[in-house]
Structures are given as C-alpha cells and as structure tokens.
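Protein sequences appear in the order of chains A and B.
Just so you know, our numbering puts 109 at position 109 of the first sequence, and the rest follows in order with no gaps.
Just so you know, our numbering puts 288 at position 288 of the second sequence, and the rest follows in order with no gaps.
Below: one structure, written as structure tokens.
Number of protein chains: 2
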Amino acid sequence: MDIPTFDDVVAAHERITPYIHRTPILTSSYLNQLTGAEIFFKCENLQKVGAFKARGASNAVFGLSDADAANGVATHSSGNHAGALSFAAALRGIDATVVMPHNAPATKKAAVRGYGGNIIECEPTQAAREATLEKEVAQSGANVVHPYDDARVIAGQATCVLELHQDIGDLDAVVAPIGGGGLISGTCLALSTLSPQTKIYAAEPAQADDAHRSFQAGEIVTRDAQQSVADGLKTNLRPRTWHFVSRFVNDVLLASEDEILDAMYLTWERMKIIIEPSSAVPLAVMLNNKQLFQGQRVGVVITGGNVDLKHCPGCK
Amino acid sequence: MDIPTFDDVVAAHERITPYIHRTPILTSSYLNQLTGAEIFFKCENLQKVGAFKARGASNAVFGLSDADAANGVATHSSGNHAGALSFAAALRGIDATVVMPHNAPATKKAAVRGYGGNIIECEPTQAAREATLEKEVAQSGANVVHPYDDARVIAGQATCVLELHQDIGDLDAVVAPIGGGGLISGTCLALSTLSPQTKIYAAEPAQADDAHRSFQAGEIVTRDAQQSVADGLKTNLRPRTWHFVSRFVNDVLLASEDEILDAMYLTWERMKIIIEPSSAVPLAVMLNNKQLFQGQRVGVVITGGNVDLKHCPGCK
C-alpha cells in the first residue's frame, strides 16, 4: 500500500499550482461570536471546479508519464471528483471517463459534461460503482484515479492545508469533513510535519457515521447505502485513509441533517458564499461542541460549492 | 461643494484599514469565456456588513472629532449604508440613527438592528427620506452621513478600486453599478490619478435609468419612485456625484430586470458567491455589450451580498 509522504505534498503543490486557484481564507466576526472560536475558512468552494477535488485530480493527471496519460483516466465519483478529473484531463488533453450513480446532482453531471468528460451511470452503491469501473477500464486501459484511495490524490488534497498553514501559521485545531477520508488524510499528512500539535477533527453526518464507528471500534467499519444531504460524505474509509485517520485524527464529530442544513444557510447568509451541504458539517459540529473550540484558532476547510440551486436540498 | 481629492483617498485607506476586510479578487474562466473579457471581480460582498458601504461609512465615522462624534451619526438609506453606518458607529461606541423606507429588505433592517442602530421608518420616496432625517437631526444634533452625497463617503468608497489597482495593476476598463453615484465617484477619483487611461463604465437598471438619462442630457435628470430588483440603485445623482460622472465616466450601460436576475444566478452558480441584484448589473451590461470588452482586462466591483434568502427576488 503506497502511503504518500510530506515530500509528495511539496511536489504536488509545485506540480498543480499553475492549474488551480490560490483560494482565499475568509473570516466572519459573526460566526466567531457564535462559536466562541476564531475561525479561518479556507474557501475551496472558490477553487477550480468549485471544490478541493481539483487539487488531487490535477496532481494525479499531471504526474502521469506521457505513455500512461495516452490511455486517458477513469474514476467513479458521486460528484466533485468526477468534475475535477474531467477538468484536469481536459487541461492535459486526454480522455476522462467517469462512473457516476444515476442519482448524482444534476449540476455535478453537467460539470463533467462541461469539461468534456464521458459519464457512465450506475446504481448508487459502492459495489456497483466499482464493478462498473472495473469493466470499463478492462476495455480502455485508462489509468484509474480513485477519488480518495490513491496516494497521488491524498498528496494533492494535502496542499489545501499546506496553503492554510502558509497563510495563517500554526492553528490550535483544523476541522474538515470526512467521507472516504481523502481530504482528512491529506490534512493529517500536511499537519503531522508542519504543525504536529494542531488537533485534527473530522466532521461527519450522523446519518453516515461509518468513520465515527470506525474511530470508536479501532478498525474500519463500513456501511453501505448511507444517505445524507451531505452527498459527498456517504462513502466509506479504506485502509489507506484509515492509516491516517487512526494515527492523527483526534475525534470524529457528528451533526444531524437539520444541523448541517442550518449551518449551510447560516454560511450563505452571513458569509455570502455558496457552500454545499458537505462543507457545512464542520461548522455544524463546532456549534455542537463549543467547549472544545472555545477561544481557539481553528482552520475549517470549506470543501465545495456545487449545489443545484434550482433544486437545492431543504431550500427554505 | 466639498469635492474629495486623491490625498483624501489615501488618508481614508489608512484610516479604515483596521476596521475592514481586504476583500479577495476572484476570477472565473467560465465567465471569461462567456464575456470574451478577462474579468477581475473585487468581492465587496465579502466585505464587513456584506457591502462596500463599510468603507465610506467607516471613513466618515472615524474621521469625526470626539466632540462631533459625541452626538452620534444619522442617515437615510435603503439598506447597505444603513448597516454600514451602524457597524462603524458601534465600533466607535457612538449612536447611529437610520431613516429607512418601510419596504426595505428584512435582512437589511435586521443588519442595522444587529449592529445596535436605531431605525426610523418612512415612505419609500427620496423626499420622505430627507424630510424625516431633517426632523430627526434637528432634535439630536447627530452628524449626517449621506449615503453618497458626502466627500468623506466618496473618498472611502474610492479605496475599493485603490485596492483593486494595488493588486491587479492597470486595467483596460472598470465596471461598477450606479445608483446615487458614490461608488462610481470614488472609482473616478481613484482611477483619474492611478490609471487615467482606464475606461470607466457605470452599470444601471434600465428601469431606474436616471444616470443614463443624465449622461445623455449632459445634466442631472432625476426620476422619483424608480423601481428595480436592484434595490440599491433606485436613487438619483447629486451635483457632487455628477461632478465625477460627467467628467470621467465613459458611458452608462443598461440592463433589464431579467438580465440582472440571470446574471445574479449565473454568478451564484458559477462563482459560488452570493451577490445581491445590484451587484449583478455590471455582468449583465457586459453580456449586453460584448464588443466593448472583447479581449480586455476588466475590473468589476461586486458591491454587496445582502439578499433575503428566504424571499429572494425571482428565486427560481
């Protein structure tokens, strides 16, 4: 099992910088008052393709040899990684094929098509995604870039917190959403070298709490067909992401569906940025655990902003 | 008539920097493709109080002598200036009284109350606002900070484009919304010294086209009770703002109500930022006048993000 190192993170940042935005870090005195913490929001909703996934995908695509790249890339993804891989492949001028659940949000499908990616639809289960992808790759010979269980992707996602640390310095804590664990693994990878004393909290929907259960059990617990408004966080951990979660994460904190939506609308209204439900889970868990963050300097990764505004979840 | 100078802009920037955000400048390759221009969006929706108005109000409030400040400040405003003056007054620890039309958006009234400002409601006409304010000030002796017809406010608003120029350098054109003309006047004031060759376009709702009519006529034309979804742009020019508009603005470009709302949702969806209808008028007029901006480097001021999300205008 290939585990990325901090050197891989530095190399990834150099490799992808020409292709991605240096996203701003925003603050809100209102949300500071509300939580009792001083929060620095790293706004990856303002990233290329509207999500941090542009980082990992670009690192994987631009790290390929010309010979490997010629067969194109392929993946399965419920959304943002799909758009990100299509975006990076288009920049390099190679094919991207994406296996997506048929119930993926319309804006995420449109994003893939907008970047010239090829979509193959499947049932919304982990097993169906993987079988469909395997069949496709057997024919095309495309290089598989898994949305999180991939050392190149984890090193790419780590550049997000690398930039946060470059801009803000040491923090008391960082809170990021957890689905399959790619972003959290990158966060652990970057901070374990840059600022080992910074606490790392993973934020997860209570309805899709496989990472919380894994953390409690001390081993990977998987749950199939998890449902949440935070559609990017329904996937399960893998040994490569569990490697980081089990070693470096201080706790996995939970939020209900209503708490997630409330935090999302609060962010829209007060910060004037569109964030998707998955990105609201960190703020929701901070509001659930104020004593943990009282008076602390906290980094929060806003992971993405791809919401179908015409059918937005629980729109009030 | 007190006309601010470029030295006033430099002094304003130094005075207000401790109290305001250095707002990010965002780009969107999608909107560049759509317009044919290279656009740099100065995001004042991410400013304190959610609007550039924090600049002018802070400059006025923190420029007062202690003796003058003791009587508090007062103004009339349809919204963002009201919140901004209340915000600045609270920071200085003085009273703010705001005359608002009774039909002002709920989020804007809530913002004023949230900052501790005192609201006096009136009919939604220019005459009613001014009469109500005059009566109030006769009693309190408060220092009136007009939302745009005020040299201190214009110098404050000018710091927005001052920062844009510091970060991006010379631009071919800058497009900003025009209502009473405070922001455009500040833009003219900053650019006429920093980059006189940069063209300045004012963007106005076709339904509230007093500035366009004034520009055509060569003198101020006023229209009462103008209605537009761009609620911040219904006010008329004054001699102090006409001073700048008549000398430095290259054209006043118009957009329909539907074009404004389409540009607003397009910005929400593609840029992942919440902008209010007034802020969408520049993009709308650029889409109406593509030939004017083809291949050019264009600065656009996103003026604010205060939308009542529960009752947002024309929400789809």
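No residue lacks a Cβ here, since even glycine has one placed at the ideal position from N, Cα and C.
Short CB-CB distance (under 7 Å) between residue i and chain A
i              : result
E44 (chain B)  : no
P24 (chain B)  : yes
G36 (chain B)  : no
G50 (chain B)  : yes
S292 (chain B) : First, the residue type needs correcting, since residue 292 (chain B) is Leu and not Ser in the sequence shown. Cβ-Cβ to chain A under 7 Å: no for L292 (chain B).
G305 (chain B) : yes
L237 (chain B) : no
L309 (chain B) : yes
Cβ distance (whole Å) where residue i is taken to contact residue j below 8 Å
i              : j              : result
V9 (chain A)   : L162 (chain A) : 6 Å
R22 (chain B)  : F62 (chain B)  : Not a contact, Cβ separation roughly 17 Å.
G117 (chain A) : A155 (chain A) : G117 (chain A) to A155 (chain A), Cβ: 22 Å. No contact.
V99 (chain A)  : L85 (chain A)  : No, V99 (chain A) and L85 (chain A) are not in contact; Cβ-Cβ is about 11 Å, not under 8 Å.
P24 (chain A)  : P24 (chain B)  : 4 Å
Alpha-carbon spacing of residue i relative to residue j, whole angstroms
i              : j              : result
K42 (chain A)  : G299 (chain A) : 7 Å
K234 (chain A) : V307 (chain B) : 31 Å
E269 (chain B) : D150 (chain B) : 36 Å
V174 (chain A) : T198 (chain A) : 7 Å
N236 (chain B) : G181 (chain B) : 8 Å
P101 (chain A) : S78 (chain A)  : 6 Å
N32 (chain A)  : L266 (chain B) : 30 Å
A211 (chain A) : P239 (chain A) : 12 Å
A110 (chain A) : D258 (chain B) : 24 Å
D95 (chain B)  : A89 (chain B)  : 6 Å
K310 (chain A) : G83 (chain B)  : 30 Å
Q296 (chain A) : F215 (chain A) : 24 Å
R152 (chain B) : D167 (chain B) : 24 Å
A70 (chain B)  : G50 (chain B)  : 27 Å
A60 (chain A)  : V145 (chain A) : 7 Å
A12 (chain B)  : T159 (chain B) : 7 Å
N80 (chain B)  : L183 (chain B) : 13 Å
Q247 (chain B) : P282 (chain B) : Going by the sequence as given, residue 247 (chain B) is Arg instead of Gln. Rounded to whole angstroms, R247 (chain B) to P282 (chain B) spans 20 Å at the Cα level.
P277 (chain A) : M264 (chain B) : 21 Å
G218 (chain B) : P205 (chain B) : 19 Å
I273 (chain A) : I273 (chain B) : 4 Å
T241 (chain B) : A284 (chain A) : 45 Å
S192 (chain B) : V249 (chain B) : 10 Å
R213 (chain A) : Q157 (chain B) : 53 Å
A138 (chain B) : R15 (chain B)  : 29 Å
Q294 (chain B) : F40 (chain B)  : 14 Å
A208 (chain A) : L261 (chain A) : 15 Å
V301 (chain A) : A202 (chain A) : 11 Å
R223 (chain A) : T125 (chain A) : 10 Å
A190 (chain A) : I3 (chain A)   : 13 Å
F244 (chain B) : S58 (chain B)  : 22 Å
Short CB-CB distance (under 7 Å) between residue i and chain B
i              : result
G117 (chain A) : no
G330 (chain A) : Absent from the structure is residue 330 (chain A), since the part of chain A shown begins at 1 and ends at 316.
L164 (chain A) : no
L31 (chain A)  : no
K316 (chain A) : Only weak support exists for where K316 (chain A) lies, its pLDDT of 45 falling under 50; the value from the coordinates is given anyway. Yes, K316 (chain A) counts as interfacial toward chain B.
Per DSSP, the bridge partner or partners of residue i
i              : result
D251 (chain A) : A:Y201
A51 (chain B)  : B:G304
T75 (chain A)  : A:V98
A173 (chain B) : B:K199 and B:V298
N289 (chain A) : N289 (chain A) pairs with nothing; no bridge assigned.
L26 (chain B)  : B:F41
I119 (chain A) : A:V98
V10 (chain A)  : DSSP output for V10 (chain A) lists no bridge partner at all.
Heavy atom of the ligand PLP within 6 Å of residue i beta-carbon
i             : result
V10 (chain B) : With respect to small molecules bound, the structure shown includes none, and the ligand PLP cannot be examined in it.
| query | Between the stretch 250-275 of chain B and chain A, which residues of the former have CB atoms less than 7 Å from a CB of the latter, in chain order? | reply | Y265, W268, E269, K272, I273 and I274
| task | Note down, in chain order, all residues in the stretch 175-196 of chain B with a beta-carbon under 8 Å from any beta-carbon belonging to chain A. | result | none
| Selection of the stretch 66-97 of chain A by Cβ proximity to chain B, strictly under 8 Å | none
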